Amino acid sequence: MSAAPGFDALAGDWTARFPASFGFHLRLEELSVCVRGNSQAVMDDLRAYFAPFASPGAAEADISVLLLDAPAQEPPVPLAVRPHLPGKRPDKERFADFPGADGAVLGRLVRKQATGMLFLFGPGGPASASGLARNIAIGPCAANRNQLVNFICARYMERRVAQGWLLGHAAGVALPLDRGGAGLALCGFAGMGKSTLALHLAARGLDFLSNDRVLIEPASPGHGPVLHGIPKHPRLNPGTALGNPELAPFLSRALPRSLRAAYANLPPQALYGIEDKFDAIIDECFSAHKPAARSTARGAPGRFRLSAPLAGLAVLNWKHGGGPMRARRVALAERPDLLPALRKPPGVFYLPHALARARLSKTDCLAALSGVPTLELSGGSIFSAATEACLDLLHPKP
């Protein structure tokens, strides 16, 4: 029996068998990201998805990702079952670590059990010392765009976590730059509707920062904390897109025209029972409704940006049918029961070298949010009332 390949051998084998001749570049704040692949269709699709962050490229990218469209590959090494979190599907991912000469983890291979996609990644810059890619996805890429998007975002988030930024399970929105640009993080326990609330706020003219993950850059001398998003659009089912009268004029654009017609006469209860996810491209859904054309930091019109001064945190702690919505200011240090709504344990796509520098404790979380106004939304899940409360937090009325 031949020995299992090491990290570089596996990366070299895949790179040689599936040459990549297509690609594009992204600019995620100050970082340059190079995405390459062997399928023009996959690259064109992702280029359109990431259009708000397109860049002409840089001499050397900070992060390089290689996406290889191929039949599902058999893992060349034994994989361990990743322990699953409560409420999550068991055996969702399996993984194996590649040790370096000093025993530290050199890289990791992850298999998505449902799709057969394999993800190989390691620490360091865009390539290893041998010139091989450090971040590779291989498998049926064309059928799994969401997993490719998640992989690109994970490589970006891991780098930020290694910088000491706090990872949060939250959505993010911000006032437009011409109205001050202040940012608001929206967190909540599972199923509370933080993403839906973010979309209600976008419908009221706020810019979109993030759907489900945020990064909080701690305050530094002369500067307050900064809320950072990731370049991932919301994924909606037909109920969210069409079942809410306040959002339907915006989000219906996320669905193909044929499906809009098919779902048009279904009652909201039936719509919410349909599990068929669609990407709601923010600029396609919201830019046509903005009061006047405005520019992002890159100078191109858009409603999706990646950073804002953190001016507030809203914690969704309500329930359906819970009566009137109640909004009240709280001190997180006195409400430790609310912290799990925001704290997000890093998963299998974060390597030990990054976690060694990460801010993961409750103390780290409280320190990063020190002085940030916090609003608890309790009672009933009434999005219209919550929207007004969040707008008041960001822009208090005189």
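In this text, residue positions in the sequence shown follow numbering that gives the first Met the number 0: the first is 0, and each later residue adds one. We put the CB at the ideal spot given by N, CA and C, even for glycine. Please read all numbers here as calculations on a predicted model, not as lab measurements.
Quiz item: Assuming Ala388 contacts Leu374 under a Cβ cut-off of 8 Å, what Cβ separation, rounded to an integer in Å, is found between them?
Solution: Along the sequence shown, one-based indexing puts residue 388 at 389. Along the sequence shown, one-based indexing puts residue 374 at 375. About 6 Å separates the two Cβ atoms, so the contact holds.
Self-check item: Cβ distance (whole Å) where Ala237 is taken to contact Leu270 below 8 Å
Solution: Start at 1 with the first residue of the sequence shown, and residue 237 comes out as number 238. Start at 1 with the first residue of the sequence shown, and residue 270 comes out as number 271. Reading the sequence as shown, one finds Pro at residue 237 and not Ala. Yes, they are in contact, since the Cβ atoms of Pro237 and Leu270 sit about 5 Å apart, within 8 Å.
Quiz item: Between Gly182 and Ser194, what straight-line distance do the alpha-carbon atoms span, to the nearest angstrom?
Solution: For the purposes of this step, residue 182 is identified with residue 183 of the sequence shown, where counting begins at 1. For the purposes of this step, residue 194 is identified with residue 195 of the sequence shown, where counting begins at 1. When rounded, the distance between both Cα atoms is 15 Å.
Practice problem: With a threshold of 16 other CB atoms inside 10 Å of the CB of Ala170, please say whether the residue is buried or exposed. | Solution: Here the question's residue 170 lines up with position 171 in the sequence shown. With 16 or more Cβ atoms within 10 Å of its Cβ, Ala170 is classed as buried.
Self-check item: Reduced DSSP secondary structure (H/G/I, E/B, other) of Lys318
Solution: For the purposes of this step, residue 318 is taken as the residue at position 319 of the sequence shown. Reduced to three states, the DSSP call for Lys318 is strand.
Quiz item: Would you call Val76 buried or exposed, if buried means 16 or more other Cβ atoms sit within 10 Å of its Cβ?
Solution: Translated into the one-based positions of the sequence shown, residue 76 becomes position 77. By the neighbour-count rule (16 or more Cβ atoms within 10 Å), Val76 is not buried but exposed.
Self-check item: Span of the beta strand (DSSP E), counted from its first residue to its last, around Leu67
Solution: If you number the sequence shown from 1, residue 67 lands on position 68. Looking at the DSSP string, the run of the beta strand (DSSP E) that includes Leu67 is Ile62 to Asp68.
Exercise. For Thr362, count neighbouring C-beta atoms within 10 Å of its own C-beta (all shown protein chains included) and say buried if the count is 16 or more, exposed if not.
Key: Here residue 362 refers to the residue found at position 363 when the sequence shown is read from its first residue. Its Cβ having fewer than 16 others within 10 Å, Thr362 is exposed.
Exercise. Go ahead and pull the three-state DSSP assignment for Asp148.
Key: Numbered from its first residue, the sequence shown carries residue 148 at position 149. Checking the sequence, you will find Val at residue 148 rather than Asp. In the structure shown, Val148 sits in a helix (DSSP, three-state: H, G or I).
Quiz item: Can you list, in chain order, the residues of its chain whose CB lies under 7 Å from that of Ala71, leaving out five sequence neighbours each side?
Solution: On the sequence shown, position 72 is the one that residue 71 refers to. The residues are Gly115, Gly138 and Pro139.
Self-check item: Residues bridged to Asn134 [DSSP beta-bridge criterion]
Solution: As a first step, residue 134 is located in the sequence shown; it is residue number 135 there, counting from the start. Checking the DSSP bridge columns, you'll see Asn134 partnered with Phe120.
Quiz item: In three-state terms, what does DSSP make of Leu78?
Solution: Residue numbering aside, residue 78 sits at position 79 when the sequence shown is read from its first letter. If DSSP states are grouped into helix, strand and coil, Leu78 belongs with coil.
Self-check item: Contact set for Glu157: own chain, Cβ-Cβ below 6 Å, skip 5 residues either direction
Solution: Translated into the one-based positions of the sequence shown, residue 157 becomes position 158. Residues of the same chain with a CB within less than 6 Å of the CB of Glu157, apart from the 5 flanking positions on each side, are Tyr349 and Ala353 in chain order.
Quiz item: For the beta strand (DSSP E) that contains Asp96, what are its first and last residues?
Solution: Here residue 96 is taken as the residue at index 97 of the sequence shown, counted from 1. Where Asp96 is concerned, the enclosing beta strand (DSSP E) stretches over Glu92 to Pro98.
Quiz item: Are the stretch 5 to 22 and the stretch 54 to 74 touching, with three or more C-beta to C-beta distances below 8 Å?
Solution: Yes, they touch.
Quiz item: By a C-beta neighbour count over all protein chains shown, 10 Å radius and 16 as the cutoff for buried, is Ala330 buried or exposed?
Solution: As a working note, residue 330 is residue 331 in the sequence shown. Classification for Ala330: exposed.
Practice problem: Take Pro82 as the anchor and find which of Gly346, Gly370 and Arg358 has the nearest alpha-carbon. | Solution: Position 83 of the sequence shown, counted from the first residue, corresponds to residue 82. Looking at the Cα atoms, Gly346 is the closest of the given residues.
Quiz item: Taking the Cβ atom as the reference point for each residue, do Pro451 and Pro217 lie within a distance shorter than 7 Å?
Solution: Residue 451 lies beyond the stretch modelled for the chain, which goes from 0 to 397, so this question has no answer here.
Exercise. Run through the stretch 229 to 291 for me and flag every whole beta strand (DSSP E) of 3 or more residues, listed as ranges in chain order.
Key: none
Quiz item: Can you tell which of Gly102, Pro89, Ala132 and Asn264 has its C-alpha closest to the C-alpha of Lys111?
Solution: For the purposes of this step, residue 111 is taken as the residue at position 112 of the sequence shown. Nearest of Gly102, Pro89, Ala132 and Asn264 to Lys111, Cα basis: Pro89.
Quiz item: Just curious, the alpha helix (DSSP H) that Thr373 is in, first and last residue?
Solution: Counting from 1 along the sequence shown, the entry for residue 373 is found at position 374. That residue, Thr373, is in no alpha helix (DSSP H); its beta strand (DSSP E) goes Thr373 to Gly378.
Exercise. Figure out for me which residue from Ala19, Glu28 and Cys364 has the closest Cα to the Cα of Val41.
Key: The count along the sequence shown starts at 1 and reaches residue 41 at position 42. Among Ala19, Glu28 and Cys364, the Cα nearest to that of Val41 belongs to Ala19.
Quiz item: From the DSSP output, which residues share a beta bridge with Ile215?
Solution: Position 216 of the sequence shown, counting from 1, holds the residue named residue 215. Paired residues: Leu165 and Leu226.
Quiz item: How is Ser360 classed by DSSP in three states: helix, strand or coil?
Solution: Within the sequence shown, the letter at position 361 stands for residue 360. It is coil, neither helix nor strand.
Quiz item: What's the gap between the Cα of Val80 and the Cα of Gln146?
Solution: For the purposes of this step, residue 80 is taken as residue 81 along the sequence shown, with counting starting at 1. For the purposes of this step, residue 146 is taken as residue 147 along the sequence shown, with counting starting at 1. Taking the straight line from one Cα to the other gives about 19 Å.
Quiz prompt | Alpha-carbon spacing of Cys364 relative to Val371, whole angstroms | solution = What you label residue 364 is simply residue 365 of the sequence shown in a count that begins at 1. What you label residue 371 is simply residue 372 of the sequence shown in a count that begins at 1. Roughly 12 Å between the two C-alpha positions.
Exercise. Please classify Ser369: does DSSP put it in a helix, a strand, or coil?
Key: By 1-based counting over the sequence shown, the position of residue 369 is 370. In this structure, Ser369 counts as coil in the three-state DSSP scheme.
Quiz item: Among all the DSSP beta bridges, which residues are the ones paired with Arg304?
Solution: By 1-based counting over the sequence shown, the position of residue 304 is 305. Paired residue(s): none; Arg304 is not in a bridge.
Exercise. Would you decide whether Gly187 is buried or exposed? Buried here means 16 or more other CB atoms lie within 10 Å of its CB.
Key: Numbered from 1 along the sequence shown, position 188 holds the residue referred to as residue 187. Result: buried.
Quiz item: What separation, rounded to the nearest whole angstrom, lies between the Cα atoms of Gly163 and Leu119?
Solution: Position 164 of the sequence shown, counting from 1, holds the residue named residue 163. Position 120 of the sequence shown, counting from 1, holds the residue named residue 119. The alpha-carbon atoms of Gly163 and Leu119 are separated by roughly 24 Å.
Quiz item: Within 10 angstroms of its Cβ, does Pro248 collect 16 or more other Cβ (buried), or is it exposed?
Solution: Position 249 of the sequence shown, counted from the start, is the residue given in the question as residue 248. Answer is exposed; the Cβ neighbour count stays below 16.
Quiz prompt | Three-state secondary structure assigned by DSSP to Arg88 | solution = Locating residue 88 in the sequence shown gives position 89, where the first residue counts as 1. Arg88: coil per DSSP, three-state reduction.
Exercise. Specify the secondary structure class of Ala189 as computed by DSSP and reduced to three states.
Key: Mapped onto the sequence shown, residue 189 falls at position 190. Three-state result, Ala189: coil.
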